[in-house]
Amino acid sequence: MYDAIVVGARCAGSPTAMLLAKQGHSVLLVDRDTFPSDSLSTALMLPDAVFAMQEWGLLDELKAAGTPGSGLAAWIMGMELPRPELPVELYAPRRTVLDKILIDAARDAGVEVREGFSVRELTRNAEGRVTGLRGSHAGQDVTEEATIVIGADGRNSFVAKSVGAPEYDVRESGSCGYYSFYDGIATDKSEVHYGTDHAFFFFPTNANQTCVAMEAPKANWEEFRSDPDKYFAKVVPGQAPAAAERFAAGQRAERWYGMASRLAFYRKPYGPGWALVGDSGFLKDPILGTGINDAFRDARLLAEAVHAGVSGKRSMDDALQDYEQTRNRISKPGYDLCCDFAEMKGFTPEMLMRLGQVRMEEAAALVAR
Ligand SMILES: Cc1cc2nc3c(=O)[nH]c(=O)nc-3n(C[C@H](O)[C@H](O)[C@H](O)COP(=O)(O)OP(=O)(O)OC[C@H]3O[C@@H](n4cnc5c(N)ncnc54)[C@H](O)[C@@H]3O)c2cc1C
Numbered sequence: 030m031y032d033a034i035v036v037g038a039r040c041a042g043s044p045t046a047m048l049l050a051k052q053g054h055s056v057l058l059v060d061r062d063t064f065p066s067d068s069l070s071t072a073l074m075l076p077d078a079v080f081a082m083q084e085w086g087l088l089d090e091l092k093a094a095g096t097p098g099s100g101l102a103a104w105i106m107g108m109e110l111p112r113p114e115l116p117v118e119l120y121a122p123r124r125t126v127l128d129k130i131l132i133d134a135a136r137d138a139g140v141e142v143r144e145g146f147s148v149r150e151l152t153r154n155a156e157g158r159v160t161g162l163r164g165s166h167a168g169q170d171v172t173e174e175a176t177i178v179i180g181a182d183g184r185n186s187f188v189a190k191s192v193g194a195p196e197y198d199v200r201e202s203g204s205c206g207y208y209s210f211y212d213g214i215a216t217d218k219s220e221v222h223y224g225t226d227h228a229f230f231f232f233p234t235n236a237n238q239t240c241v242a243m244e245a246p247k248a249n250w251e252e253f254r255s256d257p258d259k260y261f262a263k264v265v266p267g268q269a270p271a272a273a274e275r276f277a278a279g280q281r282a283e284r285w286y287g288m289a290s291r292l293a294f295y296r297k298p299y300g301p302g303w304a305l306v307g308d309s310g311f312l313k314d315p316i317l318g319t320g321i322n323d324a325f326r327d328a329r330l331l332a333e334a335v336h337a338g339v340s341g342k343r344s345m346d347d348a349l350q351d352y353e354q355t356r357n358r359i360s361k362p363g364y365d366l367c368c369d370f371a372e373m374k375g376f377t378p379e380m381l382m383r384l385g386q387v388r389m390e391e392a393a394a395l396v397a398r
């Protein structure tokens, strides 16, 4: 019997498991994937996420893996905005790099890690409280028990579906997007180019490559999907003129990754014997690149709550209620703003100023909680 079983070992699950183990708890971390492996994400890490990596002693490892640090530059309709003074460099690691560092850090902290473990059922007691899970691992059927089962299993969370976690503040995004990895793009900045109704990005990443991404109105999805190369070539000169020449000189080194099905929601992140963290509990449109930041924040908040509950300092229910309230209080202004950007109805300098302000308020609220 474990104190906690965490399902999903990427940005949300591995830090949650690591932080619980560091507080002396017995933790099992399972993922159906094996690591290193990729996941759909352009993986820009905002300052709070970078600070978390630093605090967890993992930033040097990220740099040693050849992940370049960068400043931020933003344009709106070809006009460059004043460059923001960032408290730290930004990083956009490949998920093969980042997620491997995170799962290894959990293992090093004493977490029992089982990769290639597919969860297919939650177990319950007579009162309906979740008591553990069943799954398959290395060809065997396995049952494990815990005080709490934590779903860090992404947007289509099996745990959330199994417990019927209610969704609220659900929004449909007006965006769709593609990204890939390029050689030969001249930039040492994370670049964000807002046009009338498209957003275009360069993020320097591992292996001297640049992640190139574009968010477009969902109405254009069929055209975009039919030939992403053609769509980028058509749209970039008008929507991101300051990047056009450098983009045209680059060579795509991988296939395109994309998606149109964009939802945003909060889920109630706890109930008897279970909790949710990361995208499983709080999903945003990727246009502002906040998923990793939010996953790290909520991993901290949830680990604090579960520690308080398991160690008997507070009732688990009270601690988890605080987790939900704190998560929502800190994230809601940024969530609303992200939903505005994801409508793809135009970007204004005011929206960008508000974005900078919201990020600062979120960081301050996290410190002051
Ligand atoms: C196109 C796109 C671009 C993005 N770009 C950025 C960006 O630039 N910056 C940023 O911060 N965020 C970005 N995001 C968001 C970010 O990728 C997510 O918020 C983040 O990956 C969420 O992490 P997570 O750990 O909650 O879930 P996930 O990364 O989805 O991990 C869930 C894990 O759970 C495992 N799992 C699921 N079900 C089971 C099961 N039944 N049994 C066992 N294991 C299971 C999966 O194998 C997976 O490894 C982007 C997202 C998309 C879609």
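At the far end of the sequence shown sits residue 398, using the working numbering, and the numbering has no gaps.
Each residue gets a CB set at the ideal place from its N, CA and C atoms; glycine is no exception.
Terminal residues of the alpha helix (DSSP H) in which residue i lies
i, result
"V79", "76-84"
"V396", "378-397"
"P44", "42-51"
DSSP three-state assignment for residue i, whether helix, strand or coil
i, result
"I359", "helix"
"C205", "strand"
"F253", "helix"
"T239", "strand"
"A228", "strand"
"P111", "coil"
beta-carbon residue i near ligand 1 non-hydrogen atom, thresh 7 angstroms
i, result
"Y442", "The structure shown has nothing for residue 442, since the chain only spans 30 to 398."
"G100", "no"
"C40", "yes"
"P315", "yes"
"F74", "Before going on, a small fix: residue 74 reads as Met here, not Phe. For ligand 1, at least one heavy atom lies less than 7 angstroms from the Cβ of M74."
"R200", "no"
"S309", "yes"
"D170", "no"
"Y364", "no"
"N235", "no"
"T216", "no"
"I321", "yes"
"Y120", "no"
"V59", "yes"
"T71", "yes"
"S360", "no"
"S290", "no"
"Y208", "yes"
"V264", "no"
"G37", "yes"
"S204", "no"
"F187", "yes"
"V148", "yes"
"A324", "yes"
"D62", "yes"
DSSP bridge partner residues for residue i (one or two, in chain order)
i, result
"L91", "Per DSSP, none; premise fails for L91."
"Y31", "A175"
"Y13", "The displayed coordinates of the chain run from 30 to 398. Any statement about residue 13 would go beyond what the structure contains."
"C368", "BP columns for C368 are empty, so no partner."
"K218", "G100"
"L58", "V35, V142"
"A245", "C205"
"P233", "T239"
"D212", "Q280"
Terminal residues of the beta strand (DSSP E) in which residue i lies
i, result
"L69", "No beta strand (DSSP E) contains L69, which DSSP labels as neither H nor E."
Residue-level contact to chain D via CB, residue i, 8 angstroms cutoff
i, result
"H54", "The question asks about chain D, but that chain is absent: this structure has only one protein chain."
At 3 residues or longer, and completely inside the region 259-345: list those beta strand (DSSP E) runs for me, N to C.
Look at the region 259-345 and you find these whole runs of beta strand (DSSP E), each 3 residues long or longer: 286-288, 292-296, 303-305.
Whole alpha helix (DSSP H) elements within the region 119-197, 4-residue minimum:
If we require 4 residues or more, the alpha helix (DSSP H) runs fully inside the region 119-197 come out as 124-137, 187-192.
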